[in-house]
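Per numbering that gives the first Met the number 0, the sequence shown runs over residues 0 to 289. See below for the structure under consideration.
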Amino acid sequence: MISRRTLGAGLVLGALLRTGPSLSQGADPDTLKVALLPDESASTIIQNNQGLKSYLEERLGKRIELVVTTDYSSMIEAMRFKRIDLGYFGPLSYVLAKSRSPGIEPFAALVSGGKPTYTSYLIANVNAGIAKAEDVRGKTVGFGDPASTSSHLIPRGLLKNLGLEAGEDFKFQHLGTHDAVARAVEAGNVQAGGISRTIFETLVERKLIDSSKVKVVAESRPIPNYPWTLRGDLTPALKDKIKSAFLEMKDPAILKPFKAEAFGPITDADYDVLRETAKLLNIDLTKVKG
0 MISRRTLGAG
10 LVLGALLRTG
20 PSLSQGADPD
30 TLKVALLPDE
40 SASTIIQNNQ
50 GLKSYLEERL
60 GKRIELVVTT
70 DYSSMIEAMR
80 FKRIDLGYFG
90 PLSYVLAKSR
100 SPGIEPFAAL
110 VSGGKPTYTS
120 YLIANVNAGI
130 AKAEDVRGKT
140 VGFGDPASTS
150 SHLIPRGLLK
160 NLGLEAGEDF
170 KFQHLGTHDA
180 VARAVEAGNV
190 QAGGISRTIF
200 ETLVERKLID
210 SSKVKVVAES
220 RPIPNYPWTL
230 RGDLTPALKD
240 KIKSAFLEMK
250 DPAILKPFKA
260 EAFGPITDAD
270 YDVLRETAKL
280 LNIDLTKVKG
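Quick look at the structure:
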């Protein structure tokens, strides 16, 4: 005679066995939530990316919901708790997200100038007496957000490699955005600053800063570009379709909001340069507010 306990256990095991195959195969949601960088107003970002939405719906055969979180930190948390399925991160923000959600996978990075990399500049006020990076000794350097790749981590690492320690050999201030750094350097409020090469060139081109007052004194080594990431627990077939959709994306109208020529393949190992730089600077990435 079978006891109620044995019968109950058998029913639970049967339920687990019935659901086991689908769980092991991964998630395959009808609607994919795609998170975009919160670097403009949410309405503007969503409007500018309607082409991406339509393209992905056609390629993947799924409904696409575009999501713009309030900031990088909330985007990282949304990926961590699987409230989004795909996310477009900044390089350092991706590293922070990966440290908190090991299962997420980078699969494509922005390509510009034919490469899935970009660089950071160290710029200086022309009247600050800075001809090369080493000349910031005794000066004040402006960095962007602490979680910024090209406006903080990389330029600070560049100076560290030259034997210059932030807070000891030079003073520094966190100014938030890249353009705030450029304006502070132009005005002489700080003598030098870290900024993305692409952003600096755009500011100069649009005459938002006076190029006669600011000069480039150093350029970093290549940095892996902004990555697209996905949840690691999606089905292998869905992952393959998503990767193909991005790597085969050719429409300039869809790529324009990203200032991209295309998206190229990339892996987590490509971002080790950021982890190594953080280690060099004794920065605990688990304590960086991303």
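We put the CB at the ideal spot given by N, CA and C, even for glycine.
Other residues of its chain near residue i: CB distance less than 8 Å, five sequence neighbours each side excluded
{"i": "Tyr270", "result": "Pro90, Tyr93, Val94, Lys97, Pro105, Pro223, Pro226"}
{"i": "Thr234", "result": "Gln24, Gly25, Ala26, Asp27"}
{"i": "Asp29", "result": "Lys61, Arg62"}
{"i": "Val290", "result": "Within the shown structure, residues of the chain are numbered from 0 to 289, placing residue 290 beyond reach of any answer."}
{"i": "Phe142", "result": "Ser150, His151, Pro154, Arg155, Phe171, Gln172, His173, Leu174, Val180, Gly192, Gly193"}
Where residue i sits in the DSSP three-state scheme
{"i": "Asn160", "result": "helix"}
{"i": "Pro33", "result": "The sequence as given places Val at residue 33; Pro does not occur at that position. Strand, per DSSP."}
{"i": "Pro20", "result": "At Pro20, the pLDDT of 35 sits below 50, so the modelled position is not reliable; the number obtained from the coordinates is stated separately. Here Pro20 sits in helix by DSSP."}
{"i": "Glu185", "result": "helix"}
{"i": "Pro90", "result": "helix"}
{"i": "Glu200", "result": "helix"}
{"i": "Lys242", "result": "helix"}
{"i": "Arg230", "result": "coil"}
{"i": "Tyr54", "result": "helix"}
{"i": "Leu174", "result": "coil"}
{"i": "Ser147", "result": "coil"}
{"i": "Ala107", "result": "strand"}
{"i": "Val290", "result": "Within the shown structure, residues of the chain are numbered from 0 to 289, placing residue 290 beyond reach of any answer."}
{"i": "Ile194", "result": "strand"}
{"i": "Val140", "result": "strand"}
{"i": "Ile129", "result": "coil"}
{"i": "Lys97", "result": "helix"}
Contacts around residue i, its chain only, beta-carbon distance under 6 Å, and the 5 residues preceding and following it disregarded
{"i": "Arg79", "result": "Arg99, Ser100"}
{"i": "Leu261", "result": "For the record, residue 261 in the displayed sequence is Ala; it is not Leu. Cβ neighbours of Ala261 beyond the five flanking positions: Val110."}
{"i": "Gly102", "result": "Gly231"}
{"i": "Asp239", "result": "none"}
{"i": "Ala294", "result": "Nothing can be reported for residue 294: it is not among the residues displayed for the chain, which extend from 0 to 289."}
{"i": "Leu36", "result": "Tyr87"}
{"i": "Asp84", "result": "Leu31, Lys32, Arg230"}
Contacts around residue i, its chain only, beta-carbon distance under 7 Å, and the 5 residues preceding and following it disregarded
{"i": "Ile208", "result": "Ala181, Arg182, Glu185, Leu202"}
{"i": "Leu157", "result": "Leu121, Ala132, Ala217, Ser219"}
{"i": "Pro20", "result": "Note that Pro20 has pLDDT 35, beneath the 50 cutoff, so the model's placement of it is unreliable and the number below is only indicative. Result list for Pro20: empty, nothing under 7 Å."}
{"i": "Gly7", "result": "Low local confidence applies: a pLDDT of 41 at Gly7 is under 50, so the model's placement there is unreliable, with the coordinate-based value given in what follows. Nothing listed; no residue qualifies."}
Member of the options whose CA lies at the smallest distance from the CA of residue i
{"i": "Leu152", "options": "Lys258, Ile129, His177, Leu55", "result": "His177"}
{"i": "Leu161", "options": "Leu279, Asp27, Val189", "result": "Leu279"}
{"i": "Lys214", "options": "Ala26, Tyr120, Leu85", "result": "Tyr120"}
{"i": "Leu229", "options": "Asp283, Thr266, Ser73, Lys255", "result": "Thr266"}
{"i": "Pro264", "options": "Leu284, Lys242, Leu254", "result": "Lys242"}
{"i": "Lys32", "options": "Val272, Met248, Met74, Lys159", "result": "Met74"}
{"i": "Gly187", "options": "Leu284, Leu51, Phe257, Ala123", "result": "Ala123"}
{"i": "Ala130", "options": "Gln190, Arg82, Gly166, Glu167", "result": "Gln190"}
{"i": "Pro221", "options": "Thr118, Arg58, Asp283", "result": "Thr118"}
{"i": "Met248", "options": "Thr139, Leu35, Ala107", "result": "Ala107"}
{"i": "Glu39", "options": "Lys159, Asp283, Asp70, Gly50", "result": "Asp70"}
Local Cβ density within 10 Å of residue i, reported as buried at 16 or more and exposed below that
{"i": "Gly137", "result": "exposed"}
{"i": "Ser327", "result": "Outside the shown range of the chain (0 to 289) lies residue 327, about which nothing can therefore be said."}
{"i": "Thr197", "result": "buried"}
{"i": "Ala252", "result": "exposed"}
{"i": "Gly86", "result": "buried"}
{"i": "Ala259", "result": "buried"}
{"i": "Gly192", "result": "buried"}
{"i": "Arg205", "result": "exposed"}
{"i": "Gly166", "result": "exposed"}
{"i": "Ala268", "result": "exposed"}
Closer than 7 Å: residue i CB and nearest the ligand ZN heavy atom
{"i": "Asp27", "result": "In the structure shown, the ligand ZN is absent, as is every other ligand, since no ligand is present at all."}
>> With a threshold of 8 Å, are at least 3 pairs of Cβ atoms found where one atom belongs to the region 64 to 83 and the other to the region 30 to 45?
In response: Between the region 64 to 83 and the region 30 to 45 there are three or more inter-stretch CB-CB distances shorter than 8 Å, so the stretches are counted as touching.
> Would you say the region 113 to 121 touches the region 169 to 187, given that touching needs at least three Cβ pairs under 8 Å?
Replying inline: With a cut-off of 8 Å, the region 169 to 187 and the region 113 to 121 do not count as touching, because too few Cβ pairs lie within range.
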